[in-house]
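Here is the structure we will look at, set down as structure tokens.
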Amino acid sequence: MHAAGNDAKDLDSDYNFPTPQLLDGGRPTNWLTIGASGDPGNGGLSASFSNYGKKEVDLFAPGVNIYSTIPGGNTYGNASGTSMASPVTAGVAAFILEYFPTLTPLQLKTVLEKSTVKPTIKAEKPGTDEEVSFSELSKTGGLINAYEAAKLAEEMTSQKAQPVKTKMKVKESKRA
Numbered sequence: 037m038h039a040a041g042n043d044a045k046d047l048d049s050d051y052n053f054p055t056p057q058l059l060d061g062g063r064p065t066n067w068l069t070i071g072a073s074g075d076p077g078n079g080g081l082s083a084s085f086s087n088y089g090k091k092e093v094d095l096f097a098p099g100v101n102i103y104s105t106i107p108g109g110n111t112y113g114n115a116s117g118t119s120m121a122s123p124v125t126a127g128v129a130a131f132i133l134e135y136f137p138t139l140t141p142l143q144l145k146t147v148l149e150k151s152t153v154k155p156t157i158k159a160e161k162p163g164t165d166e167e168v169s170f171s172e173l174s175k176t177g178g179l180i181n182a183y184e185a186a187k188l189a190e191e192m193t194s195q196k197a198q199p200v201k202t203k204m205k206v207k208e209s210k211r212a
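All you need for the working numbering is the position in the sequence shown, starting with 1, plus 36.
Structure representation (structure tokens):
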């Protein structure tokens, strides 16, 4: 999981380190970039600070006022950022793998992406007052959904392999 960043930038045209771009020009197949979803007081569906990108951000997860450990000792508090959204997504991934441990990394990524909930209401483009379709902010156009991810993972892992049909006849052996 990779936190998209908190600069309200479009990662399709702006650079943000690290990137999934490998030295040989390839990209890892199991890389997920996570944007932060907001709340009504902070951008609505998309957090006002979250980076976004139709090609470079995979999905959004809760990233505003997340109760967690905070730096500076044994303390807890609310924090906001894509660094909060990314662990939410990692937690959903861990939950899915606990119940479906045979999923490959690529299958897990597929489950997380295909199970997102796709809002039909408009969202504020982070850093602006412009209202856009949520599908314009990420590849999936969706928000992480643990329940739908579990249903899809179960569907994926319960599909039985079809028996292979052959034209070969097997002779019965006689036992004494």
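Here a beta-carbon is modelled for each residue, glycine too, at the ideal position from N, C-alpha and C. For clarity, every value in this text was computed on a predicted model and none was experimentally measured.
query: Tell me the DSSP secondary structure of Glu92 in three-state form.; result: coil
query: Since Gly71 is in the beta strand (DSSP E), which residue starts that stretch and which ends it?; result: Thr69 to Ser73
query: Cα-Cα, which of Thr69, Ala159 and Gly74 is closest to Asp94?; result: Thr69
query: Would you report the Cα separation of Glu191 and Gly117, rounded to the nearest angstrom?; result: 33 Å
query: When we look at the beta-carbon of Asn52 and count the other beta-carbons within 10 Å, is it buried (16 or more) or exposed?; result: buried
query: Under a Cβ-count criterion, where at least 16 other Cβ atoms within 10 Å of its own Cβ denotes burial, should Asp46 be classed as buried or exposed?; result: buried
query: Threshold first: 4 residues or longer. Then list the alpha helix (DSSP H) segments lying entirely within the stretch 109-149, N to C.; result: 118-135
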